[in-house]
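Colleague: Its first residue numbered 18, the sequence shown is counted upward by one per residue in the numbering used here.
Where a beta carbon is used, it is the ideal one built from N, C-alpha and C, also for glycine.
In this text, all values refer to a predicted model and were calculated from it rather than measured experimentally.
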Amino acid sequence: MTTPQGGTARANRLERGFSLIELMIAITILGVGILSLAGLFPIAMQKVSRGDLESRATFHAQAKIEEIKRMSWNSLTPAVGGTDNMETMFNRTWTVQQDVPVVGMKQVDVVVTWNDNRGVRTVSLSSFLSDSGM
């Protein structure tokens, strides 16, 4: 038996759709792909959490530097350094050094530390100040 296109009825029937085996292979490949992507979500969430902690630590360090910059020049002595706790998990330490790197300048160092599942983490910021009245 032939069809109007010149092929046989059997050839026409075989070209009509997917077989069950082809469908199962396609679903398996799709499933493996989706499962591999799903495995990346916990890793991505962990990285986002670490980035959030580092951003918050950097914010606290920068806030302390800005606070020290607002102080009068004569009150910025090495005795100004100190330690405080931020958000119950961050420990912030700061120091002021005189005549560093040159006479007439002061260096402010702020270090923020915290603990996470990788151990003690640290963010350090430094700023150099000069007397605006010079």
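1. My output table needs one value for T105: the three-state DSSP class, helix, strand or coil.
2. For D148, which residues in the same chain have their Cβ closer than 6 Å to its Cβ, ignoring the five residues on either side in sequence?
3. What first and last residue would you give for the alpha helix (DSSP H) that runs through S161?
4. Would you kindly work out how many angstroms separate the C-alpha atoms of A78 and L54, rounded to a whole number?
5. Please go through the same chain and pick out, in chain order, the residues whose beta-carbon is closer than 8 Å to the beta-carbon of F107, but skip the five residues on each side of it.
6. First and last residue of the beta strand (DSSP E) that includes W90?
7. In terms of residue numbering, what span does the beta strand (DSSP E) encompassing N132 cover?
8. Buried or exposed: where does V65 fall if 16 or more other Cβ atoms within 10 Å of its Cβ makes it buried?
9. Rounded to the nearest angstrom, what separates V97 and Q115 at their Cα positions?
Modeller: According to the structure data:
1. For this step, residue 105 is matched to residue 88 along the sequence shown. Three-state DSSP puts T105 in coil, outside helix and strand.
2. Here residue 148 is taken as the residue at index 131 of the sequence shown, counted from 1. W90.
3. With the chain running from 18 to 151 in the structure shown, residue 161 is simply not present.
4. Here residue 78 refers to the residue found at position 61 when the sequence shown is read from its first residue. Here residue 54 refers to the residue found at position 37 when the sequence shown is read from its first residue. The alpha-carbon atoms of A78 and L54 are separated by roughly 37 Å.
5. By one-based count along the sequence shown, residue 107 stands at place 90. Residues of the same chain with a CB within less than 8 Å of the CB of F107, apart from the 5 flanking positions on each side, are R73, A74, H77, V129, T130 and W131 in chain order.
6. Within the sequence shown, the letter at position 73 stands for residue 90. In the DSSP annotation of this structure, W90 is not part of any beta strand (DSSP E), being labelled neither H nor E.
7. Within the sequence shown, the letter at position 115 stands for residue 132. For N132, the enclosing beta strand (DSSP E) covers residues M122 to D133.
8. Translated into the one-based positions of the sequence shown, residue 65 becomes position 48. Around the beta carbon of V65, fewer than 16 other beta carbons sit within 10 angstroms, so the residue counts as exposed.
9. Within the sequence shown, numbered from 1, the residue matching residue 97 stands at position 80. Within the sequence shown, numbered from 1, the residue matching residue 115 stands at position 98. Cα to Cα, the separation comes out at about 11 Å.
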